[in-house]
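> In order, the protein sequence lines correspond to chains A and B. Just so you know, we're using the numbering used here here: the first sequence kicks off at 123 and counts up by one. Just so you know, we're using the numbering used here here: the second sequence kicks off at 9 and counts up by one.
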Amino acid sequence: MKLNINGKSVDVTADPDMPLLWALRDVLGLTGTKFGCGAGFCGACTVQLDGEPVRGCQTPVSAVGTAKITTIEGLSASAWGRKLQDAWLALDVPQCGYCQAGQLLAAEALLRTTPKPTDADIDAAMSGNICRCATYTRIRAAIKQAAAA
Amino acid sequence: MKASRRDILKAGVLAGGGLSLGLQFAGGAKASVPGALSAFVIIDPTGSIRITAHQPEIGQGVRTSFPMMIAEELDVDWAQVTVVPAPGNRQVYGVQLAGGSSATPTQFERMRRLGAGARAMLVQAAANKWGVPAGEITTCSAMLHHKASGRSARYADMAEAAASIAPPKPESLTLKDPAQFRILGTRIGGVDNRALVTGKPLFGIDTRLPGMVYAAFAKSPVFGGKLKSANRAAALAVPGVKGLINVAERRDLKTQIDVGLPGIEVLPEGIAVLATSTWAALKGRDALAAVWEGGDAAFQSTTAWEAAAAKAFKDGPQKPGYMNHGNAPAKMATAAKKVTADYSYPFLAHAALEPINATAHVTGDKAELWLSTQTPEDARRMVALALGLKVENVTIHLMRSGGGFGRRLMNDFAVEAAVIAKAAGVPVKLQWDRAQDFAHDWLRPGGWHKLEAGLDEKGDIIAWHDHFVSFGADGALNPTAVIDGSLFPSGVIKDFRADVTVLPIASTLGWLRAPINNAFAFVTQGFIDDCAIAAGRDPLEYRRAVLGTPRAIPIAEEFSGETGEAMRGTPYNTGRMRGVLDKAAEMAGWGRKLPPCRGLGIAFHFSHLGYFANVVEASVAGDGSVKVHHVWVAADIGKHIVNLSGAENQVQGSVIDALGAALGQRITFAEGAVEQKNYGDFHLARMDMAPAVDVAFLSTDYPTTGLGEPAYPSLAPALAGAIYQATGKRLRTLPLDTSQLTA
Numbered sequence: 123m124k125l126n127i128n129g130k131s132v133d134v135t136a137d138p139d140m141p142l143l144w145a146l147r148d149v150l151g152l153t154g155t156k157f158g159c160g161a162g163f164c165g166a167c168t169v170q171l172d173g174e175p176v177r178g179c180q181t182p183v184s185a186v187g188t189a190k191i192t193t194i195e196g197l198s199a200s201a202w203g204r205k206l207q208d209a210w211l212a213l214d215v216p217q218c219g220y221c222q223a224g225q226l227l228a229a230e231a232l233l234r235t236t237p238k239p240t241d242a243d244i245d246a247a248m249s250g251n252i253c254r255c256a257t258y259t260r261i262r263a264a265i266k267q268a269a270a271a
Numbered sequence: 009m010k011a012s013r014r015d016i017l018k019a020g021v022l023a024g025g026g027l028s029l030g031l032q033f034a035g036g037a038k039a040s041v042p043g044a045l046s047a048f049v050i051i052d053p054t055g056s057i058r059i060t061a062h063q064p065e066i067g068q069g070v071r072t073s074f075p076m077m078i079a080e081e082l083d084v085d086w087a088q089v090t091v092v093p094a095p096g097n098r099q100v101y102g103v104q105l106a107g108g109s110s111a112t113p114t115q116f117e118r119m120r121r122l123g124a125g126a127r128a129m130l131v132q133a134a135a136n137k138w139g140v141p142a143g144e145i146t147t148c149s150a151m152l153h154h155k156a157s158g159r160s161a162r163y164a165d166m167a168e169a170a171a172s173i174a175p176p177k178p179e180s181l182t183l184k185d186p187a188q189f190r191i192l193g194t195r196i197g198g199v200d201n202r203a204l205v206t207g208k209p210l211f212g213i214d215t216r217l218p219g220m221v222y223a224a225f226a227k228s229p230v231f232g233g234k235l236k237s238a239n240r241a242a243a244l245a246v247p248g249v250k251g252l253i254n255v256a257e258r259r260d261l262k263t264q265i266d267v268g269l270p271g272i273e274v275l276p277e278g279i280a281v282l283a284t285s286t287w288a289a290l291k292g293r294d295a296l297a298a299v300w301e302g303g304d305a306a307f308q309s310t311t312a313w314e315a316a317a318a319k320a321f322k323d324g325p326q327k328p329g330y331m332n333h334g335n336a337p338a339k340m341a342t343a344a345k346k347v348t349a350d351y352s353y354p355f356l357a358h359a360a361l362e363p364i365n366a367t368a369h370v371t372g373d374k375a376e377l378w379l380s381t382q383t384p385e386d387a388r389r390m391v392a393l394a395l396g397l398k399v400e401n402v403t404i405h406l407m408r409s410g411g412g413f414g415r416r417l418m419n420d421f422a423v424e425a426a427v428i429a430k431a432a433g434v435p436v437k438l439q440w441d442r443a444q445d446f447a448h449d450w451l452r453p454g455g456w457h458k459l460e461a462g463l464d465e466k467g468d469i470i471a472w473h474d475h476f477v478s479f480g481a482d483g484a485l486n487p488t489a490v491i492d493g494s495l496f497p498s499g500v501i502k503d504f505r506a507d508v509t510v511l512p513i514a515s516t517l518g519w520l521r522a523p524i525n526n527a528f529a530f531v532t533q534g535f536i537d538d539c540a541i542a543a544g545r546d547p548l549e550y551r552r553a554v555l556g557t558p559r560a561i562p563i564a565e566e567f568s569g570e571t572g573e574a575m576r577g578t579p580y581n582t583g584r585m586r587g588v589l590d591k592a593a594e595m596a597g598w599g600r601k602l603p604p605c606r607g608l609g610i611a612f613h614f615s616h617l618g619y620f621a622n623v624v625e626a627s628v629a630g631d632g633s634v635k636v637h638h639v640w641v642a643a644d645i646g647k648h649i650v651n652l653s654g655a656e657n658q659v660q661g662s663v664i665d666a667l668g669a670a671l672g673q674r675i676t677f678a679e680g681a682v683e684q685k686n687y688g689d690f691h692l693a694r695m696d697m698a699p700a701v702d703v704a705f706l707s708t709d710y711p712t713t714g715l716g717e718p719a720y721p722s723l724a725p726a727l728a729g730a731i732y733q734a735t736g737k738r739l740r741t742l743p744l745d746t747s748q749l750t751a
């Protein structure tokens, strides 16, 4: 099947039931999208389909169709994505860093629809993404900094 | 893996070149590449300055903070530095261990001297070339200057000559006056941050090798359980499954190296499923529908343990007088008032976000592993033992860990992967799923405390008695469940007695962020509040009285070091604790008037050489739900903060992590197995729970110490104190059962 990943059409040979997470990581070698819980609890596998954040571990690859997939490897193509990456670096957000790809994809979707998010907006958009190191203070600050950039 | 990273790894592992700083400082030899001044400092003739980060990175920021120490004394600009990874190799790099918040206190001086030594070699090379005294040469930003003759050179120009100079003796080196620091104490972003925000492969789980297969391992959820039946044909029928490997149980692999516990207890029996993807491997494992029976841990049940603890409290301890400082019973008999309370806390899982995995390739008499581990040398030796290989024939590629929290001090997963890869004959990436991560963790043990304090007429504590019930084997407490002289109130309260009852457990127990302390702080600080309230006194003022005059209290000899953590056996300095207590209270505006149903709580704790106090502001809604609005933390970890940005991040993260644990984390057992399967029944802190966390570091004239752990323990008791102030209800069991707070 063909998938549109980060603006490129890619041929993928995978079981139709295989979650997008594993197709990205194991079949295509795009390991930036992370396996965390495999059950939709943690958001480490967050990618965007046509700009909407989804759980890669809960999305069968056959369900993607022609939707445009954005992963962390393609985040820099978005203006909001670049602002977020800059803010993430400026505020030194990560600790272990494992969740940050999912956090950034969720944050980019938030800012695109809500360019000046309130704390409540950030809570609502980001609470599906666990940071086991609990860098939430800086994730919140970095989203606000990107919004102001 | 990208080729460039592998090339760097190869360069780092090359040994040779005779005597070097690497040998003198690290016990090994420097890399035989041009411009290698030691195994840690390579000044490329092109001008790039490469500094080796040898410590395991698990999120504590050590891949940044350690190179900062070297760069400071090397006298280069941070922007000139490229940080390169190191493989696990103790002979070359010395101790590589992410545990016990030990890296900074044990290696701060050594890292600085590595930088100063490399600088001295460059200075000597310039002195030789220019024919001037080395003492007249100054350095700055990777440049050498001789003012009198007006000569200057880049480090790069002198690197080749410097590399052939005998390294100076460490004790001969003069370190910088801290007033001259240009890197240490500033805010430096993590060296891998750009790779992280662009999704580059860094973690063990990101490893990809030519010809690699993916593996999942079916094993008993009950520790020591045996395979009764499995549907192998169904597993082999799953598309993508390539084969099955039977793994036999082994109990001969226990090795204890650096962490006070064996890094593997048992290699469990089971069936490894090899497949073309992780998903197919996991699906094949599920298709096995393996049935297990028996197991050492089959008797385990949280309900039964709770009943056993209650019975011990009723009938009396197994080991009365396990600890006796002073004469608590006599003092208790003279008390004007007695206070009693029962406290308890659950088993906890580490639940690191990167699920346990390991990649291994075994060929002939050699093994190569790619690991997210906190103890690469332990992994190396355990794999050598398991496969019957020479230690030097086992190569560990030390990958970034997606969280450690103590789980990756153990290397059971490395042994599993190595054994499976040897049988497979091709590179294998073994992947546990989240349920296995919970089922086969090395848990923080639960415990129960029945406390009694005697107060004098003023309400001050004159005697403290604790009946401590926790876990172990053969009647002895597990090393992760000790009560000893290094723990408050020992020493601070002179008349202190602890009785002990040991409940049997077969499942693996381990170290979890601020081990022991993460449980005891809740108990001891909560009980101080109980005593303060019984005495009708303010919790802050009462704590000042408990600490008393500033003094250093030696830890009781007979108990220090029982856990193998010599670092914990230091004096307890009540003055340093008073300093952070007062600072946290000042930051929070302790004593100010609050709206109804809102409260402040305060607590202090010493662990891992760090003095911490925090104040929590929380409110309780009518439905009992608790909202933490703000936390103020004061910390004393000595003279220097290595990286202010990383340091604040560690403290804020520790506090919010501890908040998540206090409100939502509990591991329970039924029929021998862990009941929790995923984050849906073991709740980590999330964004909507995270309060503002203000952090202040007091600079005191003591050695610089670590920060991965000591901010964690004092959060839970301060939260319980805030809830009490808001509601008048004291919760003494973790996780806090907020349903008891409904109006």
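Glycine included, each C-beta is placed from N, C-alpha and C at the ideal position.
Secondary structure at B:Phe614, three-state DSSP: helix, strand or coil?
strand
> Using a 10 Å radius around the Cβ and a threshold of 16 neighbouring Cβ atoms, would you call A:Met123 buried or exposed?
exposed
> Buried or exposed for B:Glu594, going by 16 or more other Cβ atoms inside 10 Å?
exposed
> Please state the DSSP three-state secondary structure of B:Ala94.
coil
> For A:Leu143 and B:Val205, what's the separation of their Cα atoms in angstroms?
18 Å
> State the Cα-Cα distance for the pair B:Asp644 and B:Glu656, rounded to the nearest angstrom.
A direct Cα-to-Cα measurement between B:Asp644 and B:Glu656 gives close to 13 Å.
> Does the region 437-446 of chain B come into contact with the region 466-475 of chain B, if we say contact requires no fewer than three beta-carbon pairs (one atom in each stretch) closer than 8 Å?
no
> Just reading off the beta strand (DSSP E) that B:Val51 is part of, what are its end residues?
According to the sequence as given, residue 51 of chain B is Ile; it is not Val. Segment Val49 to Ile51, the beta strand (DSSP E) holding B:Ile51.
> Thinking just about the alpha-carbon of each residue, which of B:Gly303, B:Ile364 and B:Gly587 is nearest to the one in B:Arg551?
Closest by alpha carbon: B:Gly587.
> So A:Trp202 is in the alpha helix (DSSP H); what residue range does that whole segment cover?
If you look at A:Trp202, you'll find it in the alpha helix (DSSP H) that goes Ala201 to Ala212.
> Tell me, please, whether the CB atom of B:Pro209 is closer than 9 Å to any CB atom in chain A?
Chain A contact via Cβ: present.
> Go ahead and label B:Arg600 buried or exposed: buried means 16 or more other beta carbons lie within 10 angstroms of its beta carbon, across all protein chains shown.
exposed
> Which full runs of the beta strand (DSSP E) of 3+ residues lie inside the region 196-254 of chain B, going along the chain?
221-227 and 234-237
> Does DSSP classify B:Gln104 as helix, strand or coil?
coil
> Please name the residue in B:Arg559, B:Ala368 and B:Glu362 whose C-alpha comes closest to that of A:Cys164.
B:Glu362
> Quick one: grab the DSSP three-state call for A:Cys119.
The structure shown does not extend to residue 119 of chain A, since chain A is modelled only from 123 through 271, so no value can be given for it.
> Report, in whole angstroms, the separation of the C-beta atoms of B:Arg674 and B:Pro743, which I expect to be a contact under 8 Å.
5 Å
> Write down every uninterrupted run of the alpha helix (DSSP H) in the region 52-94 of chain B whose length is 4 residues or greater and which is fully enclosed by it, in chain order.
70-82
> Whole angstroms are fine: how far does the CA of B:Val281 sit from the CA of B:Ala223?
5 Å
> Taking the straight line between their C-alpha atoms, what separation do you get for B:Pro497 and B:Met220?
54 Å
> Using a beta-carbon distance cut-off of less than 7 Å, what residues from the region 201-227 of chain A approach chain B?
Gln207, Trp210, Leu211, Asp214, Pro216, Gln217, Cys218, Gly219, Tyr220, Cys221, Gln222, Ala223 and Leu226
> Can you give me the Cβ contacts of A:Ala228 inside the same chain, cut-off strictly under 8 Å, excluding the 5 residues immediately before and after it?
Sequence-distant Cβ neighbours of A:Ala228 in its own chain, meaning closer than 8 Å and more than five residues away, are Gly165, Thr168, Pro175, Ala247, Met248, Gly250 and Asn251.
> 9 Å is my cut-off, CB to CB: does B:Pro247 come that close to chain A?
Closer than 9 Å: yes.
> I need the DSSP call for B:Cys605, collapsed to helix, strand or coil.
coil
> Going straight from the alpha carbon of B:Pro113 to that of B:Gln658, what length do you get?
When rounded, the distance between both Cα atoms is 16 Å.
> Determine the burial state of B:Leu31: buried for a count of at least 16 other Cβ atoms within 10 Å of its Cβ, exposed for fewer.
For B:Leu31, the predicted structure reports a pLDDT of 36, less than 50, and the residue's modelled location is therefore unreliable. The matter cannot be settled from this model.
> Using 8 Å as the Cβ pair cut-off and three pairs as the minimum, do the region 205-217 of chain A and the region 177-195 of chain A touch?
no
> Nearest to B:Phe373 by alpha carbon, out of B:Thr746, B:Lys398 and B:Ala666?
The residue asked about is misnamed: residue 373 of chain B is Asp in this sequence, not Phe. The shortest C-alpha separation from B:Asp373 is found at B:Lys398.
> For B:Met331, list the residues DSSP reports as bridge partners.
B:Ala506
> What does DSSP give as the partner residue(s) for B:Gly143 in the beta ladder?
For B:Gly143, which the question treats as bridged, DSSP gives no partner whatsoever.
> Would DSSP call B:Ser352 helix, strand or coil?
strand
> Mind checking the region 269-298 of chain B against chain A and listing, in chain order, the residues whose C-beta falls within less than 9 Å of any C-beta there?
Thr284, Ser285, Thr286, Trp287, Ala288, Leu290 and Lys291
> For a test of the three-state rule: what should DSSP assign to B:Ala19, helix, strand or coil?
Since pLDDT at B:Ala19 reaches only 26, below the 50 mark, its modelled position is unreliable, and the value read off the structure follows with that caveat. In the structure shown, B:Ala19 sits in a helix (DSSP, three-state: H, G or I).
> Can you tell me which of B:Asp464, B:Pro247 and B:Gly455 puts its alpha carbon nearest to the alpha carbon of B:Thr342?
Minimum Cα-Cα distance from B:Thr342 among the listed residues B:Asp464, B:Pro247 and B:Gly455 corresponds to B:Asp464.
> Using a Cβ-Cβ cut-off of less than 7 Å, give me the residues of the region 364-396 of chain B that come near chain A, in sequence order.
none
> Quick one, which of B:Val249, B:Gly292, B:Val230 and B:Arg258 has its alpha-carbon nearest B:Ala238's?
B:Gly292
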